[in-house]
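Before any comments, here is the structure.
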Amino acid sequence: MKSLMSLRPSKSLMKKKIALAFLGFSLLLSSNPAFAASPWAAKPTYAGKTAGKLGYGLKNSTFGWLQMFKESKDPKYNTEWEGFCTGIARSVFYTGSGLIQLATFPIPVDFPDVGTGLYFPPTPPPNFAKREKKH
Amino acid sequence: MKSWKIKYTILMLACTLFLNPSLFAAIENWQASPWTQEKTYVEKSIGKLGFGILNFATGWSALFFEPARYSNKFTGIFKGIWRTVTNEAGGAIHAVTFPIPIDIPLPDGGVHFDEEPHVP
Numbered sequence: 084m085k086s087l088m089s090l091r092p093s094k095s096l097m098k099k100k101i102a103l104a105f106l107g108f109s110l111l112l113s114s115n116p117a118f119a120a121s122p123w124a125a126k127p128t129y130a131g132k133t134a135g136k137l138g139y140g141l142k143n144s145t146f147g148w149l150q151m152f153k154e155s156k157d158p159k160y161n162t163e164w165e166g167f168c169t170g171i172a173r174s175v176f177y178t179g180s181g182l183i184q185l186a187t188f189p190i191p192v193d194f195p196d197v198g199t200g201l202y203f204p205p206t207p208p209p210n211f212a213k214r215e216k217k218h
Numbered sequence: 115m116k117s118w119k120i121k122y123t124i125l126m127l128a129c130t131l132f133l134n135p136s137l138f139a140a141i142e143n144w145q146a147s148p149w150t151q152e153k154t155y156v157e158k159s160i161g162k163l164g165f166g167i168l169n170f171a172t173g174w175s176a177l178f179f180e181p182a183r184y185s186n187k188f189t190g191i192f193k194g195i196w197r198t199v200t201n202e203a204g205g206a207i208h209a210v211t212f213p214i215p216i217d218i219p220l221p222d223g224g225v226h227f228d229e230e231p232h233v234p
């Protein structure tokens with residue numbers, strides 16, 4: 084019985100393995116130069132970066148789940164189902180990254196870097212054209 | 115038959131299939147997953163998880179699509195059952211292993227909703 088117990092990995096070894104896995108995963112998520120950084124990372128000042136990170140975290144953690152509906156309308160997919168399922172995965176990433184960035188907003192380190200995150204292009208109001216004509 | 119003989123046979127069969135690509139390809143039409151075309155690690159992970167969810171959630175639809183594609187109903191039903199198994203299992207593997215961007219090709223590239231009907 085003792086010999087069997089000795090074969091089991093100790094708790095400290097398991098902790099080290101988990102920490103190493105987390106470190107490797109963090110490096111993969113943070114040190115990819117080909118990937119676009121979060122939009123707030125371009126801000127020059129500390130206040131701008133933390134405010135941007137806070138806003139990014141709030142937006143993505145609160146509304147990240149909307150990405151699945153947005154992605155289903157993306158014309159790059161053959162069917163809406165393919166876009167919707169990829170959108171579920173993207174929603175998970177956006178919500179997760181939003182929560183982490185929200186929790187760590189005072190530290191201006193861009194982690195996890197999932198790019199621009201949830202983004203809705205600005206659309207003009209429906210009566211924009213009418214108002215333009217009036218002026 | 116002893117258990118080690120069964121294990122040895124399975125191991126040899128697996129090695130034969132994996133080490134002989136032509137034999138592996140003759141059994142099924144293995145296709146690379148669409149997410150492999152993505153360039154970054156995050157995009158590949160998102161694509162792999164999404165592909166896994168798609169196949170796991172809708173893999174059962176092959177039970178209805180495949181019989182409609184074949185003129186021989188028995189072939190279609192058998193193919194539908196087999197595709198359901200491969201799509202569901204492949205989808206689960208893709209979804210579980212999404213942080214590891216290594217592709218596991220699925221037969222016919224997994225779930226397709228846009229295929230032409232009536233294959234002879």
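Top to bottom, those sequences are chains B and H.
Here the first sequence is numbered in the numbering used here, starting from 84 and rising by one per residue.
Here the second sequence is numbered in the numbering used here, starting from 115 and rising by one per residue.
Glycine included, every Cβ here is placed at the ideal spot set by N, Cα and C.
Nearest CA to the CA of residue i: which residue from the options?
i                : options                                   : result
Trp144 (chain H) : H:Asn201, H:Ile124 and H:Lys158           : H:Asn201
Arg173 (chain B) : H:Ser159, H:Pro148 and H:Ala128           : H:Ser159
Val156 (chain H) : B:Thr145, B:Thr206 and B:Val175           : B:Val175
Gly224 (chain H) : H:Tyr184, H:Pro215 and H:Phe179           : H:Phe179
Glu165 (chain B) : H:Ile216, H:Thr198 and H:Phe170           : H:Phe170
Tyr139 (chain B) : B:Thr206, B:Val197, B:Lys99 and B:Pro205  : B:Val197
Ser121 (chain B) : B:Pro195, B:Pro205 and B:Phe203           : B:Pro195
His208 (chain H) : H:Lys193, H:Gly190 and H:Gly161           : H:Gly161
Arg197 (chain H) : H:Ala176, H:Thr211, H:Gly166 and H:Ala146 : H:Ala176
Thr169 (chain B) : B:Gly181, B:Met151 and B:Gln184           : B:Met151
Leu182 (chain B) : B:Lys156, B:Ala130, B:Lys126 and B:Ser144 : B:Ser144
Ala203 (chain H) : H:Ile214, H:Phe227, H:Ile167 and H:Trp118 : H:Ile167
Phe212 (chain H) : H:His226, H:Thr150 and H:Pro181           : H:Thr150
I need the straight-line Cα distance from residue i to residue j, nearest angstrom please.
i                : j                : result
Asn186 (chain H) : Gly205 (chain H) : 27 Å
Ala124 (chain B) : Pro191 (chain B) : 8 Å
Trp148 (chain B) : Leu201 (chain B) : 9 Å
Phe167 (chain B) : Thr178 (chain B) : 16 Å
Ser93 (chain B)  : Thr154 (chain H) : 36 Å
Thr133 (chain B) : Leu220 (chain H) : 44 Å
Glu163 (chain B) : Ala140 (chain H) : 32 Å
Pro205 (chain B) : Lys153 (chain B) : 14 Å
Thr128 (chain B) : Lys136 (chain B) : 12 Å
Lys142 (chain B) : Pro148 (chain H) : 29 Å
Val199 (chain H) : Lys193 (chain H) : 10 Å
Pro158 (chain B) : Gly173 (chain H) : 22 Å
Leu125 (chain H) : Thr189 (chain H) : 30 Å
In this structure, how does DSSP classify residue i when only helix, strand and coil are distinguished?
i                : result
Tyr155 (chain H) : helix
Pro221 (chain H) : strand
Tyr160 (chain B) : coil
Tyr202 (chain B) : coil
Comparing the C-beta of residue i with each C-beta of chain B, is any distance below 8 Å?
i                : result
Phe227 (chain H) : yes
Val156 (chain H) : yes
Ile160 (chain H) : yes
Ile167 (chain H) : yes
Gly164 (chain H) : yes
Thr172 (chain H) : yes
Check whether chain H comes within 8 Å of residue i, counting only Cβ atoms and requiring the distance to be less than that.
i                : result
Val192 (chain B) : no
Gly200 (chain B) : no
Nearer than 7 Å: is that true of the beta carbon of residue i relative to any heavy atom of the ligand SAH?
i                : result
Leu163 (chain H) : Among the ligands in the structure shown, none appear at all, so the ligand SAH cannot be discussed.
At least one CB of chain D closer than 8 Å to the CB of residue i: is that the case?
i                : result
Thr200 (chain H) : Judged by its chain identifiers, the structure shown contains no chain D, and its protein chains are B and H.
Requested in this report: Taking only beta carbons into account, state which residues of the region 154–175 of chain B come closer than 8 Å to chain H, listed in chain order.
Outcome: Asn161, Thr162, Trp164, Glu165, Cys168, Thr169, Gly170, Ile171, Ala172, Arg173 and Val175
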